[in-house]
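Take a look at the structure set out below.
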Amino acid sequence: MLLDSFRWIVTNSDTATGKRGDCLRIGGGPMNALNTQQPKLEVENATKVYTTASGDLLALDRCNLKFQPGEIVSIVGPSGSGKTTLLWAMSGLHGLTRGTVLLDGKPITAPSPDIGMVFQDANLLPWRNVDANILFPFEIKRHAPDRDWIAELMHRVGLEGFGQRMPRELSGGMQQRVALVRALSFKPSVLLMDEPFGALDAFTREEMNHLVEEIYLDTRTTIVLVTHSIDEAIFLSDRVVVMSARPGRVAHEHRVPFARPRSMEIMSTKEVFDLTNAIKVEIVGDQKSKATSGRKSVPAVAQ
Amino acid sequence: MGETDAIPEFSKAKPGTASDLGVANMSALAAGPDIRSAREVFAIIAIAVVVIGSTEIALRAFNVPQYIMPPPSLIAEALVTDFPIILPQLGHTLVELVSGFSIGALIGLILAAVITQFPFVEKIITPYILLLVTTPMLALVPLLILRFGFGYTPRIIAVALAAGPMVMINAATGFRRVDRGKLALARSYGASTLQIFWKIRAPMALPMILVGLMVGSIFGLLTAVGAEMVGGGFGLGNRLTSYSSMIQMPQFFAVVLILSTLGILIYVLFFFIGKKWASWEA
Chain A
1 MLLDSFRWIV
11 TNSDTATGKR
21 GDCLRIGGGP
31 MNALNTQQPK
41 LEVENATKVY
51 TTASGDLLAL
61 DRCNLKFQPG
71 EIVSIVGPSG
81 SGKTTLLWAM
91 SGLHGLTRGT
101 VLLDGKPITA
111 PSPDIGMVFQ
121 DANLLPWRNV
131 DANILFPFEI
141 KRHAPDRDWI
151 AELMHRVGLE
161 GFGQRMPREL
171 SGGMQQRVAL
181 VRALSFKPSV
191 LLMDEPFGAL
201 DAFTREEMNH
211 LVEEIYLDTR
221 TTIVLVTHSI
231 DEAIFLSDRV
241 VVMSARPGRV
251 AHEHRVPFAR
261 PRSMEIMSTK
271 EVFDLTNAIK
281 VEIVGDQKSK
291 ATSGRKSVPA
301 VAQ
Chain B
304 MGETDAIPEF
314 SKAKPGTASD
324 LGVANMSALA
334 AGPDIRSARE
344 VFAIIAIAVV
354 VIGSTEIALR
364 AFNVPQYIMP
374 PPSLIAEALV
384 TDFPIILPQL
394 GHTLVELVSG
404 FSIGALIGLI
414 LAAVITQFPF
424 VEKIITPYIL
434 LLVTTPMLAL
444 VPLLILRFGF
454 GYTPRIIAVA
464 LAAGPMVMIN
474 AATGFRRVDR
484 GKLALARSYG
494 ASTLQIFWKI
504 RAPMALPMIL
514 VGLMVGSIFG
524 LLTAVGAEMV
534 GGGFGLGNRL
544 TSYSSMIQMP
554 QFFAVVLILS
564 TLGILIYVLF
574 FFIGKKWASW
584 EA
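Written out as C-alpha cells, the structure is:
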C-alpha cells in the first residue's frame, strides 16, 4: 500500500517539478529583505524512503525549505515527522531518495567542512580529553587548528581551564559546550543541531539557549535546530517550521519577531503564549488525525 | 557578549562553577577498587602469614613426609639454593611465551580487525575460531614434536595457537562495537575508512583488546608449561616433571611458586596498561 502511494508520489513529483504546492509558505515579516538573497541552504523536494523488513517507509515527502544566511530556524514536529532525517540529509551524512540540498546554490553530496553538526548527546570521544576532542576535526582534516579562535570559543562557553579534563568528569551541560566548541572550531557557515539539549535539565537548557544566541550574535552563523521543545524553538528562532507526522511534510511555518538579544521575559508575553499554543495544536492535531485515519495504511517503523 | 543585564537570571550562574561539574563522579573515580588502604594491605599480608605459618606448624607437628608435602620453609630454601638451576629454565619458558604470544596475538588482532569489517566473512569464520578457542592446544603438542622436533618451535607454535584465538575473539567483540554517533561525527568531517579505524574503531575496541591480550597470555603460559612437560629437555615444565620424578618436592613447589608469580605479573602488567589506556571506560 505504501509502495503504491510512493509510486504515486514519484510519478506526480515528476510532473510537478518546480511546484511547491505541498508546502505552506508564510512569507513576509522583518526578514523579507533577505529573501532576495541567495539562500544559504536550500532543501528542494526532499523525499526519503526507508526500506525496512516490514516494507518501505516514506519518512520525508517532498519537503521544500529555504534558509537565509544568518537565520536561526527550528524544526519541530511529532515523533516520526522526519525532522532528524531531514537534518542528516542537510549535513550530507545521509542521502535522500529524491530531491537535493543546496549549500550556497551547490548541491551537497558529502559532508562539508562548511557545515558544523551538534549531535543529540554531546557525542564526545570518551578516550580523549576536552582539548583533544576539540582538535579531532582538525586531525581528520589534517588542518592546522586556529588556536586563537578555539581559545576564544572556550572562553565564550566557559570552558577555560577544562582542556585537560576527560569527558566523563564533566556534567551533561559542560559536555554539550565542548561539542558546541568542536562544531564551531572550523568556523562553519551553517550549524546544524539535532536535539542538542534534549538530555539536559530545564535550567541548563535555558543557559545553553542563551549561549547559542550569544555565539550566534557574534558569528551570525546560519543555524538549523531540530528540537522537541517548543519553548526552545521560539526563544532561539527567527522561524519555526512545523512538520507533520509520517510522511514528514512541511506543514506550517511561523515567524518569531522578537529583537535580539532576547531575554527569558519574552517567553511570558501573550504573543509567545499564543504562538506556543498554535504550534502545540498543530502538532497534537496532526498526531490525532494521523491516529484516526492515515495511520492504518502506514506501518509503524522506528526510524 | 550577550548583555548580562538583559538576562539577569543567568549572570549569577557563570558556567564552570563547581555545581556545573560532576564532582561526585570525580571523587568516585579517585577511590577505585584498585586502590587499597593500609588496613586492607595489612589484612592481605596477615592472611598469608597465618596460612603459611600454620601449614608449617601443622606439617611439622604431624610429621608429614617431605615427598607428600614439604613445609614452606623447605620450599623457600629450595627456591634460594636451586635458583641458579631454575633461572635459565625460566628464561626458556619466557622465550616460548613471549615469542608465541607475540605471533599469536598479532595474527589474532589483524584477523579481528579485518574480519569485523566484513560481517559475511565473520559469520562464516566464527565457528572455526570457536573451535580453535575450545580445543586444548596441548593436545597437538605430541604431533608438533613429531613434525618440528624437541626445540622451541613446537612450543612456540602451541603457545601461538592457544593465545591467538583468545585475543582474536575478544578483539573482534571490541571492533564490533559500533557507535553510530561517533562514526557519523568522524564522517561529518570527511574521515576516510582508515582514519575511522584508527581514530574511532581502534580506541573503542582497546578495552576489549586488552582483556583478550591478558586472557591470551595466561592461556599461553599454561600451554608453554604444558608443552614443556610433554616433551623436550628444558623449560620450567620440564623441571616440574623431572623434580617430581625424583621426588624433590621442595624444588617442585619452588617452580610452582615461580609460575604463579609469573601469572600474577602478567595480570598486573595488563591491569596497569588498562588503567593507563582504557580507564575512560568505567
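Top to bottom, those sequences are chains A and B. Quick note on this note's numbering: the first sequence kicks off at 1 and runs consecutively. Quick note on this note's numbering: the second sequence kicks off at 304 and runs consecutively. Positions of the beta carbon are idealized from the N, C-alpha and C atoms, including for glycine. Nothing here was measured: the structure is a model prediction, and the numbers come from that model.
Three-state class that DSSP yields for residue i in the structure shown
i	result
Val436/B	helix
Ala489/B	helix
Ile108/A	coil
Lys83/A	helix
Met372/B	coil
His155/A	helix
Ile550/B	coil
Asn45/A	strand
Asn473/B	helix
Val101/A	strand
Met166/A	coil
His357/A	Beyond the ends of chain A as shown, which are 1 and 303, falls residue 357/A; an answer cannot be given.
Ala351/B	helix
Ala259/A	coil
Thr52/A	strand
Phe67/A	strand
Asp201/A	coil
Gly356/B	helix
Asp274/A	helix
Val417/B	helix
Asp131/A	helix
Ala144/A	coil
Through-space distance from residue j to residue i, alpha-carbon basis
i	j	result
Gly304/A	Phe119/A	Since the first and last residues shown for chain A are 1 and 303, residue 304/A lies out of range.
Ser297/A	Val226/A	A caution first: Ser297/A carries a pLDDT of 43, below 50, which makes its placement in the model too unreliable to give a value.
Ile230/A	Ile279/A	8 Å
Leu390/B	Thr564/B	14 Å
Tyr570/B	Thr384/B	28 Å
Thr219/A	Thr496/B	33 Å
Cys63/A	Ile108/A	16 Å
His155/A	Val250/A	38 Å
Val281/A	Ala259/A	26 Å
Glu232/A	Gln176/A	16 Å
Ala53/A	Pro261/A	48 Å
Leu568/B	Ser81/A	57 Å
Arg153/A	Val181/A	Per the sequence presented here, residue 153/A reads as Leu, with Arg not at that position. Answer to the nearest angstrom: the Cα atoms are 6 Å apart.
Ser357/B	Gln554/B	21 Å
Gly161/A	Trp127/A	19 Å
Leu488/B	Val481/B	12 Å
Glu42/A	Leu58/A	21 Å
Met174/A	Pro113/A	24 Å
Glu584/B	Met511/B	10 Å
Ala351/B	Ile388/B	27 Å
Pro422/B	Arg479/B	9 Å
CB-CB length for residue i against residue j, believed under 8 Å
i	j	result
Gly538/B	Met469/B	Between Met469/B and Gly538/B the Cβ distance is about 21 Å, and since that is not below 8 Å, they are no contact.
Gly523/B	Ala465/B	6 Å
Gln291/B	Ile140/A	No statement about residue 291/B is possible, as the shown extent of chain B runs from 304 to 585 and does not include it.
Val462/B	Thr544/B	So it is not a contact: roughly 18 Å between Cβ atoms.
Ile234/A	Pro78/A	The Cβ separation is near 17 Å, so there is no contact.
Asp61/A	Pro196/A	The Cβ separation is near 26 Å, so there is no contact.
Pro375/B	Ile355/B	5 Å
Glu399/B	Ile459/B	6 Å
Sub-8 Å separation of residue i and residue j beta-carbons
i	j	result
Gly529/B	Gly540/B	yes
Ala408/B	Gly477/B	no
Ala183/A	Met117/A	yes
Val73/A	Ser237/A	yes
Thr97/A	Lys48/A	yes
Arg542/B	Val558/B	yes
Ile576/B	Leu513/B	yes
Pro111/A	Tyr492/B	yes
Val240/A	Val224/A	no
Ile115/A	Leu192/A	yes
Asn129/A	Arg168/A	no
Val533/B	Pro445/B	yes
Asp131/A	Gly163/A	yes
Leu102/A	Val157/A	no
Val178/A	Leu125/A	no
Ala474/B	Ala415/B	yes
Met552/B	Pro430/B	no
Phe136/A	Pro145/A	no
**Q.** beta strand (DSSP E) runs contained entirely in the region 508-539 of chain B, provided each spans 3 or more residues
**A.** Within the region 508-539 of chain B, no complete beta strand (DSSP E) run reaches 3 residues.
Q | Entirely enclosed beta strand (DSSP E) segments - the region 205-248 of chain A, minimum 3 residues | A | Listed in chain order, the complete beta strand (DSSP E) runs (minimum 3 residues) inside the region 205-248 of chain A are 222-226, 239-244.
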